[in-house]
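Below is one structure, written out as structure tokens; the observations come after it.
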Amino acid sequence: MNDFNKDLVEIDSGDEPMSNLSDNPHFSTILEKNLSRRQMLTGSLGVAVAGMFGASGLSSIANAAPGLLPPAAGVKPPFALNPALSFTALPVLRSDTATVPDGYKVQTLAPWGTPITGTYPVYKANGSNTGAEQEQQVGSHHDGIHYFPMPSDPNGHGLLCINHEYVDQNIFHQNGATLVNGQRPTDEVRKEIAGHGVSVVEVKKDAVSGEWNVVNGRYNRRVTAETHSDIRGPVRGSDLVKTLYSPNGTTARGTINNCGNGYTPWGTYLTCEENWAGYFVNKTGRPREHSRYGVSTSNGRYRWETAQSQEDQYVRFDASVKGTTAIEDYRNEPNGHGWILEIDPFDPNSTPKKRTALGRFAHEGCVFAAPQLGQPLTFYSGDDSQNEYIYKFVTKARYTKTVKGDILDEGTLYVARFNDDGTGTWLALDYNNLAFQAAAAEAGVIFKDQADVLVNTRLAADVVGATKMDRPEWGAVHPQTREVYFTLTNNGSRNAGNIDAANPRGPNPTGHIIRWREQGNRSWAEKFEWDIFVLAGAENNSQVLPEQGGPALTQDNIFASPDGLWIDQNGILWIQTDMSGSQQASGPFGANAMLAANPVTGEIKRFLVGPNDQETTGVVSTPDGKNLFVNFQHPGDRSGVNSFTSNWPDSGAVYRHPGDAPVVSSTSGARPRSSTIVITREDGGIVGL
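Our numbering applies: residue 30 is where the sequence shown begins, and numbers increase by one.
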């Protein structure tokens, strides 16, 4: 009897339930008391938000160019690229295909199931590939992506690293997932584990046709939820990560729920373990390193722990206490997840490394500020859950052209506090820091050492009084100005009485984008100034650059739930949306999309709209900006066994232009497949300009 799918309808989206039950203020106690919720949600929104900033330094926020924070010391205008968005904005629309402006074209590349290693097993359109075959194929639910160019042909030959966040069992298996007498068939579990992780795929552009193709080369690799990895940094060897698999606490197995991403100046890939907690179960009482992250007390998200074979690689998802000590069971298995994993794409035999100094939470992206020789490196990351925090990590060692990944093993992890006057402070999560020790003592929280602080990063951030944010997701650092942009996707749990200057709407179903400049434009500084770049929403509930009295969004650019974010080499800020439910299906915003923004002027234009029920996520280009790689995740998702709301890309048109007839899906036929797309201009020019 297949009684599995009906039990997991609500958790198959990949989102993490809110688990921040701390009493950290939203700074509502320091707001202007006369600001009403009506002001915050109407056309006078800009006036209301501006009132929050009082006489802060943000009053001169546009002293160099409209829409930008003041330039760094020694930087003379024009201090940033001012990209001209030459394409015609797409209208709000829904069509079961990719839609791009006139003059652009799209191809698919490396969809789920593409064979890339081993015996190169062919993708089976009916979902009947085995677990062993999936281990040799591109994974499911593409998310973050990065392109590593080959030096000999950087714009036509390279490696794509593609994240795979989760699986939709209704599509992933021939007849959906099964649960028989409380157990999952072992090969179904093996296949789902293989569907997660990362694909390293060699790709090359055909010199004649201009089409990109997967190369069956030596670099191709799958890193899955089963792949062995090293634990590095302060948590290595800690009692908190010792398990039956790793009695000395130096290794972990697998990477799960790989969502946002990053890369390093030395040419490695950073994949972010996001909503990993739901994959585990602990039925014997959760310690704080489980409860603060939402580890289940009933069953894991996919019930991998119930695999019929009960082999070690599946039993490990049951974190219940079973033995006398931690090295006799998997009580600490969840503690090996929630990290940044570093992968060397050019060495397929290398062991991935969990860089624990960067903290443990639901990582969404890991982006660095442009490195400066002789100075520390800084990486930013968001914790993707309602009312969680924004972090940065500053290395102890200084950057040189010869540094490698070990520079990430020592440094200071900070969490952000956004003050109501447009200033901010980075609060150190450092066991040896006197301010941190005092905050922990005042809160009555005991940490044994820095490993304990990092395994319990969220708790440490609670202790120091970080600002609860509206679901912080991807970040982007401007390559010229070093300004940092972060998407705050949405927050339905924030009420009108708990708004603050950095999160000015309650509830906030449509989200916004915040940005800041570090003090002295030094990424390692402990102070910053911030403003809001755009408040997303419909035409009557949105605003660009609200502190400067900017315009409301229009039909050319209304959007909701911003998620993916990237600033390209030409200064274009690419914004991707992750709406779900009725917001995507019937709201005023159309299907999930990607917009292009000019950070200097605040101009925003809709550039790409995806097929039914997908999330537009992950974006990167070749160095010349003429080939833009974007991922469409879970088209046709959450619809039932063998009943799909999308047939993209294997049935119907891969893309269309706005004047073409919409593509209508059927509820049967070809299974939808997450895929990378490549967008190019028909005249061979730079995308977006």
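We put the beta carbon where it would ideally sit given N, CA and C, even for glycine. Bear in mind that the values here come from a model prediction, so they are computed numbers and not experimental data.
Q. Is residue 330 closer than 7 Å to residue 298 when the C-beta atoms are compared?
A. Numbered from its first residue, the sequence shown carries residue 298 at position 269. Numbered from its first residue, the sequence shown carries residue 330 at position 301. Not in contact: residue 298 and residue 330 (Cβ atoms no closer than 7 Å).
Q: Please report the residue range of the beta strand (DSSP E) in which residue 636 lies.
A: In the sequence shown, the residue the question calls residue 636 occupies position 607. 633-638 is the span of the beta strand (DSSP E), which, as asked, contains residue 636.
Q. What is the C-beta distance between residue 303 and residue 392, in whole angstroms, given that I count them as a contact (C-beta under 8 Å)?
A. Within the sequence shown, the letter at position 274 stands for residue 303. Within the sequence shown, the letter at position 363 stands for residue 392. Indeed they touch by this definition, with Cβ atoms about 6 Å apart.
Q) Which whole-angstrom value describes the C-beta separation of residue 727 and residue 501, a residue pair presumed to lie in contact below a C-beta threshold of 8 Å? A) With the chain covering only 30 through 718, there is no way to say anything about residue 727.
Q) Which residues bound the beta strand (DSSP E) around residue 541? A) Within the sequence shown, residue 541 is the residue found at index 512, counting from 1. That run of the beta strand (DSSP E) goes 541-547.
Q) Would the stretch 391-405 and the stretch 335-345 be scored as touching if the rule is three or more Cβ pairs under 8 Å? A) Counting C-beta pairs closer than 8 Å gives fewer than three between the stretch 391-405 and the stretch 335-345, which falls short of the contact rule.
(Q) Taking the beta carbon of residue 149 as the centre, do at least 16 other beta carbons fall within 10 Å, making it buried, or is it exposed? (A) In the sequence shown, residue 149 corresponds to position 120, counting from 1. Exposed, since its Cβ has fewer than 16 Cβ neighbours within 10 Å.
(Q) Can you look up residue 368 in the DSSP assignment and give me helix, strand or coil? (A) Position 339 of the sequence shown, counting from 1, holds the residue named residue 368. DSSP places residue 368 in coil when its eight states are reduced to three.
Q: Look at the Cβ atom of residue 143, then the Cβ atom of residue 167, and state whether they are nearer than 7 Å.
A: By one-based count along the sequence shown, residue 143 stands at place 114. By one-based count along the sequence shown, residue 167 stands at place 138. Closer than 7 Å, so yes.
(Q) Taking the alpha helix (DSSP H) that residue 221 belongs to, which residues open and close that run? (A) Taking the sequence shown and counting its residues from 1, one reaches residue 221 at position 192. Per DSSP, residue 221 belongs to the alpha helix (DSSP H) from 215-224.
Q: Give, in chain order, every unbroken run of the beta strand (DSSP E) that is at least 3 residues long and sits entirely within the stretch 652-708.
A: 657-662
Q | Where residue 475 falls, given that 16 or more other Cβ within 10 Å makes a residue buried | A | Here residue 475 refers to the residue found at position 446 of the sequence shown. Exposed, by the Cβ-count rule.
(Q) Quick check on residue 449: does DSSP put it in helix, strand or coil? (A) Residue 449 sits at position 420 when you count from the first residue of the sequence shown. Coil, per DSSP.
Q. Distance, Cα to Cα, residue 489 vs residue 416?
A. Taking the first residue of the sequence shown as position 1, residue 489 is located at position 460. Taking the first residue of the sequence shown as position 1, residue 416 is located at position 387. So the alpha carbons of these two residues sit roughly 15 Å apart.
Q) Between residue 457 and residue 447, which are expected to be in contact by the criterion C-beta below 8 Å, what is the C-beta distance as a whole number of angstroms? A) Reading the sequence shown from its first residue, position 428 is the one you call residue 457. Reading the sequence shown from its first residue, position 418 is the one you call residue 447. Residue 447 and residue 457 do not touch by the CB rule: their CB atoms are close to 16 Å apart, not below 8 Å.
**Q.** Inter-residue CB distance, residue 269 and residue 364 (contact presumed, cutoff 8 Å)
**A.** In the sequence shown, the residue the question calls residue 269 occupies position 240. In the sequence shown, the residue the question calls residue 364 occupies position 335. Rounded, the Cβ-Cβ distance is 5 Å, consistent with contact.
(Q) Considering Cα atoms alone, identify which of 506, 709, 717 is closest to residue 238. (A) Counted from its first residue, the sequence shown places residue 238 at position 209. Among 506, 709, 717, the Cα nearest to that of residue 238 belongs to 709.
**Q.** residue 147 versus residue 248: straight-line alpha-carbon distance, rounded
**A.** As a first step, residue 147 is located in the sequence shown; it is residue number 118 there, counting from the start. As a first step, residue 248 is located in the sequence shown; it is residue number 219 there, counting from the start. Computed Cα separation, rounded: 12 Å.
Q) So, residue 380 versus residue 483, is the Cβ gap smaller than 7 Å? A) Here residue 380 refers to the residue found at position 351 when the sequence shown is read from its first residue. Here residue 483 refers to the residue found at position 454 when the sequence shown is read from its first residue. Contact flag unset, no.
Q. Are residue 160 and residue 206 closer than 7 Å when you measure CB to CB?
A. As a position in the sequence shown, residue 160 is number 131, starting the count at 1. As a position in the sequence shown, residue 206 is number 177, starting the count at 1. Against a cut-off of 7 Å, the Cβ pair of residue 206 and residue 160 comes out as no contact.
Q | Opening and closing residue of the beta strand (DSSP E) in which residue 410 lies | A | Here residue 410 corresponds to residue number 381 of the sequence shown, with the count starting at 1. Run containing residue 410: 405-412, per the beta strand (DSSP E) assignment.
Q.
Rounded to the nearest angstrom, what separates residue 615 and residue 125 at their Cα positions?
A. As a first step, residue 615 is located in the sequence shown; it is residue number 586 there, counting from the start. As a first step, residue 125 is located in the sequence shown; it is residue number 96 there, counting from the start. Cα to Cα, the separation comes out at about 14 Å.
Q | One or two residues paired with residue 324 in a DSSP bridge | A | One-based indexing of the sequence shown puts residue 324 at position 295. DSSP output for residue 324 lists no bridge partner at all.
Q.
Using CA atoms only, rank isn't needed, just tell me which of 218, 353, 366, 315 is closest to residue 339.
A. In the sequence shown, residue 339 corresponds to position 310, counting from 1. Of the candidates 218, 353, 366, 315, the one whose C-alpha sits nearest the C-alpha of residue 339 is 218.
Q | As assigned by DSSP and simplified to three states, the class of residue 201 | A | For the purposes of this step, residue 201 is taken as the residue at position 172 of the sequence shown. In the structure shown, residue 201 sits in a helix (DSSP, three-state: H, G or I).
Q. So residue 659 packs on residue 648, CB below 8 Å; how close in whole Å?
A. Stepping through the sequence shown from its first residue, residue 659 is reached at position 630. Stepping through the sequence shown from its first residue, residue 648 is reached at position 619. Indeed they touch by this definition, with Cβ atoms about 5 Å apart.
(Q) Count Cβ pairs between the stretch 425-433 and the stretch 403-413 that sit closer than 8 Å; are there 3 or more? (A) yes
Q | residue 651 vs residue 605 beta-carbon contact at 7 Å | A | Start at 1 with the first residue of the sequence shown, and residue 651 comes out as number 622. Start at 1 with the first residue of the sequence shown, and residue 605 comes out as number 576. No, these two residues do not count as a Cβ contact at 7 Å.
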